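Colleague: Quick one: structure below, then a few questions.
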Amino acid sequence: MIKVLFFGSIADMLGQRERLLPAGEGMTLADVLKAVACADFKPLLVAVNQTQVNDMHRLVKAGDEVALMPPFSGG
Amino acid sequence: MSHPTQSVRIQVEDFSMAVEVDALRASSKRIGGIVSFLGCARDFSEGRDVFSIAFEQYAGMAEKAMFALRDEAMQRFDIIAVRMVHRVTTVHAGDQIVLIVVGAEHRKPAFEACEWLIDTLKQRVPIWKKETTPNGESWVTEHP
Numbered sequence: 348m349i350k351v352l353f354f355g356s357i358a359d360m361l362g363q364r365e366r367l368l369p370a371g372e373g374m375t376l377a378d379v380l381k382a383v384a385c386a387d388f389k390p391l392l393v394a395v396n397q398t399q400v401n402d403m404h405r406l407v408k409a410g411d412e413v414a415l416m417p418p419f420s421g422g
Numbered sequence: 227m228s229h230p231t232q233s234v235r236i237q238v239e240d241f242s243m244a245v246e247v248d249a250l251r252a253s254s255k256r257i258g259g260i261v262s263f264l265g266c267a268r269d270f271s272e273g274r275d276v277f278s279i280a281f282e283q284y285a286g287m288a289e290k291a292m293f294a295l296r297d298e299a300m301q302r303f304d305i306i307a308v309r310m311v312h313r314v315t316t317v318h319a320g321d322q323i324v325l326i327v328v329g330a331e332h333r334k335p336a337f338e339a340c341e342w343l344i345d346t347l348k349q350r351v352p353i354w355k356k357e358t359t360p361n362g363e364s365w366v367t368e369h370p
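Protein chains in written order, with the numbering used here: chain A, 348 to 422; chain B, 227 to 370.
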């Protein structure tokens, strides 16, 4: 499974903070975004296993943690 | 949450600027100048009252990103030591939110590193704030 985490306004919009997705052969980040209905969210920051990633063609596999995040506003 | 003596950390509890400055000063006798930035909660933002600010973090990644910032600042600037503390909790007007303390042999790199650290923290560390205003709650989207 792939663990998808949602933060901030994205978590509020979706009404959930976490979702598990079955991992598929050749699955990319773009596929993950579509599967959780976040493909049209902008601006959207994405991290895989706690490292920010810009390439939505990046492959994801079982055990990965994908975070979908609005722009940061700490400080 | 991290240990209270760790030089880079995220915590719920309040912190003491004096304790952090003393710890940084005690870490090296080569330090000739210390510059700090303390971010506090305001009671007014974007033209409206703010009753409270609730912070959320991506636990793990946020602290990792702060350590990476510290390491990058040590590379980029001629500085000796850095301490960074960010609170993740609900705060009210006047409360402390974030502290950055930089020590260097001379003041100029300490000023430059401190400004770079707070500016870059806002861009790179996965922490979000939600303000409670008279019109309800709203996520803060910009990082001025």
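Backbone N, C-alpha and C fix where the C-beta goes; we use that ideal spot for every residue, glycine too. Predicted model only: the values in this text are computed from it and were never measured.
With DSSP as the reference, label R248(B) as helix, strand or coil.
Modeller: One point to set straight first is that residue 248(B) is Asp, not Arg, in the sequence displayed. Correct three-state label for D248(B): helix.
Colleague: Skipping 5 residues on each side, what residues in its chain have a beta carbon closer than 7 Å to that of N396(A)?
Modeller: D411 and E412.
Colleague: Would you say M287(B) faces chain A, with C-beta separation under 7 Å as the test?
Modeller: M287(B) counts as touching chain A.
Colleague: In chain B, what lies closer than 8 Å to F419(A) by C-beta?
Modeller: Within 8 Å Cβ-Cβ: K348, Q349, R350, V351, P352, I353, W354 and H369.
Colleague: For the candidate residues V351(B), R309(B) and D321(B), whose alpha-carbon lies nearest to that of D248(B)?
Modeller: Here the closest residue by C-alpha is R309(B).
Colleague: For the alpha helix (DSSP H) that K334(B) lies in, which residues bound it at each end?
Modeller: Residues R333 to R350.
Colleague: Where does M403(A) sit, in a helix, a strand or coil, going by DSSP?
Modeller: Coil at M403(A), not helix or strand.
Colleague: Output yes or no for whether 7 Å exceeds the beta carbon distance between L376(A) and M403(A).
Modeller: Closer than 7 Å, so yes.
Colleague: Kindly list the residues whose CB is nearer than 8 Å to the CB of Q399(A), restricted to its own chain and excluding five residues on each side of it in sequence; keep chain order.
Modeller: So the qualifying residues of the chain are L392 and V393.
Colleague: Using the Cβ count rule (16 or more neighbours within 10 Å means buried), how would you classify M348(A)?
Modeller: Its Cβ having fewer than 16 others within 10 Å, M348(A) is exposed.
Colleague: Put I357(A) into one of helix, strand or coil per three-state DSSP.
Modeller: In the structure shown, I357(A) sits in a helix (DSSP, three-state: H, G or I).
Colleague: Which whole-angstrom value is the C-beta distance of F388(A) and I353(B), which I expect to be below 8 Å?
Modeller: Rounded, the Cβ-Cβ distance is 19 Å, inconsistent with contact.
Colleague: List the whole-angstrom C-beta distance separating S253(B) from A307(B), where the pair is believed to meet the contact cut-off of C-beta under 8 Å.
Modeller: Indeed, because the Cβ distance is near 5 Å, the residues count as touching under 8 Å.
Colleague: Extract the residue ranges of the beta strand (DSSP E) inside the segment 243-305 of chain B, only unbroken runs of 3 or more that lie entirely within it.
Modeller: You should have 259-266 and 278-283.
Colleague: For my contact list, Q322(B) and L250(B) are in at a C-beta cut-off of 8 Å; report their separation, rounded to the angstrom.
Modeller: With a Cβ gap of about 17 Å, Q322(B) and L250(B) do not count as contacting.
Colleague: What residues in the segment 238-265 of chain B bring their beta carbon closer than 8 Å to a beta carbon of chain A?
Modeller: Listed by position, the residues of the segment 238-265 of chain B near chain A (Cβ gap below 8 Å) are G265.
Colleague: Using the beta-carbon of each residue, which ones in chain B are nearer than 9 Å to F354(A)?
Modeller: Per Cβ cutoff of 9 Å: E282, Q283, Y284, P352 and W354.
Colleague: Taking the alpha helix (DSSP H) that A382(A) belongs to, which residues open and close that run?
Modeller: That run of the alpha helix (DSSP H) goes L376 to A382.
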